[in-house]
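**Q** Sharing a structure with you now.
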Amino acid sequence: MDVLIHLFVGLHIIGIASLLGGFLTQLKAMGEGIARFTPAMLHGAFTMLVTGVILVGLNQADDQSVNNIKIGVKLALLIVILGLVYVKRDEEKVDKGLFGLVGLLTTANIFIAVLWT
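For the record, in the sequence shown the residue sitting at position 94 is 94 according to UniProt numbering, with numbers rising by one throughout.
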């Protein structure tokens, strides 16, 4: 079971890397007001959602304790991120504030995962 959990943790990290990497590559464009949500950001957020749900299930099946409040907060942030990226994915440019919000929420999600014990 540990191998399976670690496999999905790796996939979860790939998802966050895709989402955050897509954001970081658009920072210069955000400064110019022409940033857009890339397909990598959408796929990364969706990968995080799927692998996160699977990880919770695997951890509960393995009788490990799961902090449901932490998972709920992370899920809420991710749903907001995924909703924004999905709705605005076809627009040529996205408002700076909205684009920055996605980056902020993504970073917050990372710090919640790492620091909330």
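We put the beta carbon where it would ideally sit given N, CA and C, even for glycine.
Report yes if the CB atom of Met48 is closer than 8 Å to the CB atom of Phe99, and no otherwise.
**A** Their beta carbons are not under 8 Å apart, which means Met48 does not touch Phe99 by this criterion.
**Q** For the alpha helix (DSSP H) that contains Val2, what are its first and last residues?
**A** The amino acid at residue 2 is misidentified as Val; the sequence shows Asp. Run containing Asp2: 2–25, per the alpha helix (DSSP H) assignment.
**Q** Rounded to a whole number of angstroms, what is the C-alpha to C-alpha distance between Asp62 and Val87?
**A** If I take the Cα positions, the gap works out to 36 Å.
**Q** Starting from Asn68, trace the alpha helix (DSSP H) in both directions and tell me its first and last residue.
**A** Run containing Asn68: 68–87, per the alpha helix (DSSP H) assignment.
**Q** Since Thr47 is in the alpha helix (DSSP H), which residue starts that stretch and which ends it?
**A** It spans 39–61 - the alpha helix (DSSP H) in which Thr47 sits, taken as one unbroken run.
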